[in-house]
Each structure stands twice: as C-alpha cells, then as structure tokens.
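Numbering (the working numbering), first residue to last: 420 to 759.
The C-beta atom is built at its ideal place from N, Cα and C for all residues, glycine as well.
Quick look at the structure:
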C-alpha cells in the first residue's frame with residue numbers, strides 16, 4: 420500500500436509498504452482521509468520522530484476487515500482516538516489518561532498517512548466511533564481535535580458567563596472558541612492574521628482583537644467587558660510570546676491553559692507572578708474517550724462548524740499541505756487518501 424513516511428525536517432516521502440494484516444482481534448480500516456494536526460507539524464519541523472515514521476492520526480475511514488466482540492461491522496464509517504489508556508494506573512484513576520504508559524505506547528498501525536490502518540480490539544472498545552450520516556468525511560475528521568479542546572475546557576471548569584480568551588486562532592483556537600460558546604462563556608479571540616480574525620467573528624466570537632501589544636490587548640479586555648481581567652485563557656499558539664500576553668490579560672485568581680507545544684522558549688511563566696496573583700496554570704494534552712463521543716455529537720448537531728477552516732489536498736499533495744501550513748497560507752489541511 421502507499422504511505423508517506425517521515426524523511427527529513429518538513430518533508431515526507433512516498434513509499435510502498437506492507438498493508439497491515441488482521442492477525443488478531445481488531446479491524447483493518449481503509450483510510451478515506453486524515454487531517455494534518457499541529458502536532459504532526461511540530462514533529463516535522465523539529466525532527467522529533469525517526470525516519471520512516473508514518474504520522475497522522477485524525478483519521479476517518481471504512482472498516483474493511485474485522486474480528487471483534489464489539490458491535491462494529493464491515494462497511495461502518497468511523498473515526499477514532501489513536502491512543503487507549505489502561506484505566507488501572509495512578510494516572511488513569513485520576514483521569515490523567517494521557518500520562519498513562521499504555522496510552523503513550525498504544526497507537527494506530529502504522530499511522531494515518533497511508534491507505535490502510537490496523538486498530539486493536541481495545542481501540543474498538545474505547546475510542547472508535549461510528550460517523551453519523553449527516554457528517555462528511557472532512558467534518559468527521561475534526562472529531563479528535565475537537566475532543567482535545569473539549570477536555571481542556573472541562574478541565575478549566577468553565578462556567579456560564581465566564582470571560583474566556585483564546586490566543587491563537589488557527590484551527591484549534593477556532594474550534595476552542597466555538598465549544599466555549601456552547602458552554603455559555605463570553606469568548607475573546609486574539610491573532611495577527613486578518614483572515615483568521617474575520618473567521619472567528621463569523622463563528623460567533625464575542626470580540627476578536629488583532630494583536631498590537633500586550634498592554635493594548637489587556638486594556639481592551641478590561642474596558643470592553645468591564646472586568647478586572649479575563650477569567651480563563653487558552654494558549655492555542657506555539658509562540659512563546661503568548662505567555663506574557665496571557666499574564667497581562669488574566670485576572671488575579673484566574674486560569675491559564677497551555678494548549679500548545681512551545682519549543683526553544685526563552686521566556687516562561689514567572690513563579691512570583693503565579694504565586695502572588697493566585698493564578699492556576701495547567702496543560703491539557705489529548706482527549707478521553709468520553710470527549711471523543713461528545714465532540715462527535717457537537718459536530719453532528721452543527722454546534723462546531725468546520726467548513727471555513729479546511730483546505731483539501733490529494734494524497735500526492737501532502738508535502739504541499741505541510742508547506743502551506745508552515746507558511747500560514749491555510750488554517751487546516753485535510754488529506755484525501757482513498758475513494759471509498
């Protein structure tokens with residue numbers, strides 16, 4: 420089967436590799452398409468994976484072979500989470516599923532950027548979801564990233580009427596804002612790119628600011644909403660410059676969620692500022708299975724809208740998709756892999 424494997428920084432290479440076989444319980448899924456995740460981009464940009472790795476996990480596809488005790492069958496169109504926790508370790512017992520060693524070790528085989536994948540019986544039991552008929556493949560591919568956002572919002576204990584700010588309006592930031600609205604939050608967005616600012620406004624953000632300076636954005640938040648500062652801030656950009664902006668905008672006693680990977684950062688959070696201002700700072704990585712199920716429902720009922728976020732590429736154009744993402748020409752890439 421055809422696959423695109425990691426070759427070098429920012430580059431994938433097409434190769435024919437062995438199609439996975441169904442030798443034990445689980446399923447073989449023919450991949451219809453796969454979203455290009457920000458984590459894929461980080462791994463490509465920083466060279467964080469071994470040569471020959473098949474990246475990609477935001478998969479939608481059709482079950483072609485199956486051995487299972489679950490209710491799934493051949494022909495089902497499905498989405499999934501690529502990791503499965505053990506539910507028995509100290510991390511799982513505290514709902515820190517993404518810290519579980521089994522979670523980290525489990526994966527789809529070999530990865531989403533190929534024609535077929537194998538998923539285990541445990542994936543079928545825990546993370547695989549049947550796609551509702553009213554959703555397109557592209558819409559369904561947003562299940563896993565939406566679920567990541569949903570978990571972060573739940574962990575932030577968002578309440579109706581809270582003022583929440585999303586810094587960075589890429590695909591994750593735009594998903595985050597829409598889900599925050601469904602929780603009853605007042606949502607502020609901030610970015611540098613006009614196209615993203617306009618799209619956030621169209622998607623129902625209450626205010627969207629074009630970044631000028633930390634001081635100016637902080638002032639706008641307080642004046643526009645007659646508040647002492649923002650209740651909860653989500654950092655959805657990989658730029659280290661978002662950290663001082665968040666500290667300027669958050670109210671005393673507020674919450675900052677780090678929802679992006681920042682490499683080679685020379686700035687960070689001031690311990691004294693966290694201490695004296697009684698701030699809560701936490702990270703959120705990957706979803707629980709319940710988040711996947713609930714995110715799919717939000718997509719099904721059009722609470723999360725994704726049509727304006729996506730640019731579609733053929734399988735052969737995957738390196739162009741990577742280049743366009745790195746240069747901020749697009750918001751989100753979807754790689755169409757098979758016609759089912």
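Distance check for residue 744 and residue 459, CA to CA, integer angstroms please. 11 Å
Does the region 529 to 539 come into contact with the region 575 to 595, if we say contact requires no fewer than three beta-carbon pairs (one atom in each stretch) closer than 8 Å? no
Going by alpha carbons, who is nearest to residue 693 out of 662, 717, 679, 712? 662
Write down the C-beta distance between residue 655 and residue 679 rounded to the nearest angstrom, noting that I regard them as a contact closer than 8 Å. 6 Å
Could you give the C-beta distance for residue 707 and residue 514, rounded to a whole number, given that I count them as a contact under 8 Å? With a Cβ gap of about 7 Å, residue 707 and residue 514 count as contacting.
Residue burial classification, residue 477 (beta-carbon count within 10 angstroms, cutoff 16): buried
Where residue 422 sits in the DSSP three-state scheme: Residue state for residue 422 is assigned as strand, using DSSP reduced to three classes.
Neighbourhood of residue 491 by C-beta, 8 Å cutoff - its chain only, sequence neighbours within 5 removed: 446, 482, 485, 497, 543, 547, 549
Burial state of residue 509, where buried means 16 or more other Cβ atoms lie within 10 Å: exposed
Determine the burial state of residue 597: buried for a count of at least 16 other Cβ atoms within 10 Å of its Cβ, exposed for fewer. buried
Are the beta-carbon atoms belonging to residue 479 and residue 539 less than 7 Å from one another? Contact annotation: residue 479 and residue 539 have beta-carbon atoms that are not nearer than 7 Å.
State the start and end residues of the unbroken alpha helix (DSSP H) segment that holds residue 738. First-last of the alpha helix (DSSP H) with residue 738: 737 to 745.
Suppose contacts are defined by Cβ-Cβ distances below 7 Å. Is residue 505 in contact with residue 521 by that definition? yes
To the nearest angstrom, report how far apart residue 566 and residue 711 are at their CA atoms. In a straight line, the C-alpha of residue 566 is about 5 Å away from that of residue 711.
What number of angstroms, rounded off, separates the C-alpha of residue 738 from the C-alpha of residue 697? 45 Å
Would the beta-carbon of residue 649 be found less than 6 Å away from any heavy atom of the ligand GDP? Summarising the ligand content, the structure contains no ligands, and the ligand GDP is consequently not present.
Beta strand (DSSP E) runs wholly inside the region 688 to 752, at least 3 long, in chain order: 699 to 702, 729 to 733
One question on the structure: do residue 420 and residue 535 come within less than 7 Å of each other, judged by their Cβ atoms? yes
CB residue 574 to CB residue 733, shorter than 7 Å? no
Considering only their Cβ atoms, is the gap separating residue 648 from residue 681 smaller than 7 Å? no
C-alpha distance - residue 676 paired with residue 659, whole-angstrom precision: Taking the Cα positions, residue 676 is about 14 Å away from residue 659.
Going by other Cβ atoms of all chains shown within 10 Å of its Cβ, with 16 needed for buried, is residue 631 buried or exposed? Classification for residue 631: exposed.
Between residue 668 and the rest of its own chain, which residues show a CB-CB distance below 7 Å, the 5 nearest in sequence each way excluded? 584, 636, 637, 640, 648, 649, 652
Enumerate in chain order the residues of its own chain whose CB-to-CB distance from residue 427 is below 8 Å, with the five nearest sequence positions on each side excluded. 466, 470
Where residue 720 falls, given that 16 or more other Cβ within 10 Å makes a residue buried: exposed
The beta strand (DSSP E) with residue 610 in it runs from where to where? 605 to 610
Just to confirm the assignment: which complete alpha helix (DSSP H) runs, minimum length 4, are found wholly within the region 434 to 513? 457 to 465, 509 to 512
On a Cα-Cα basis, can you pick out the residue from 672, 455, 440 that is closest to residue 778? The displayed coordinates of the chain run from 420 to 759. Any statement about residue 778 would go beyond what the structure contains.
Looking at the strands, I want to know which residues DSSP matches up with residue 583. 606, 651.
Which of the three DSSP states, helix, strand or coil, is assigned to residue 431? strand
Since residue 569 and residue 728 should fall inside the 8 Å C-beta cutoff, what is the C-beta to C-beta distance between them, to a whole number of angstroms? The pair is not a contact, with the Cβ atoms about 16 Å apart (cut-off 8 Å).
Just curious, the alpha helix (DSSP H) that residue 567 is in, first and last residue? 562 to 574
Residue range of the beta strand (DSSP E) that includes residue 675: 669 to 677
Using the C-alpha atoms, what's the distance from residue 757 back to residue 571? Each residue's alpha carbon lies about 32 Å from the other.
Using C-beta distances below 7 Å, list every residue in its chain close to residue 705, excluding the 5 sequence neighbours before and after it, in chain order. 502, 517, 567
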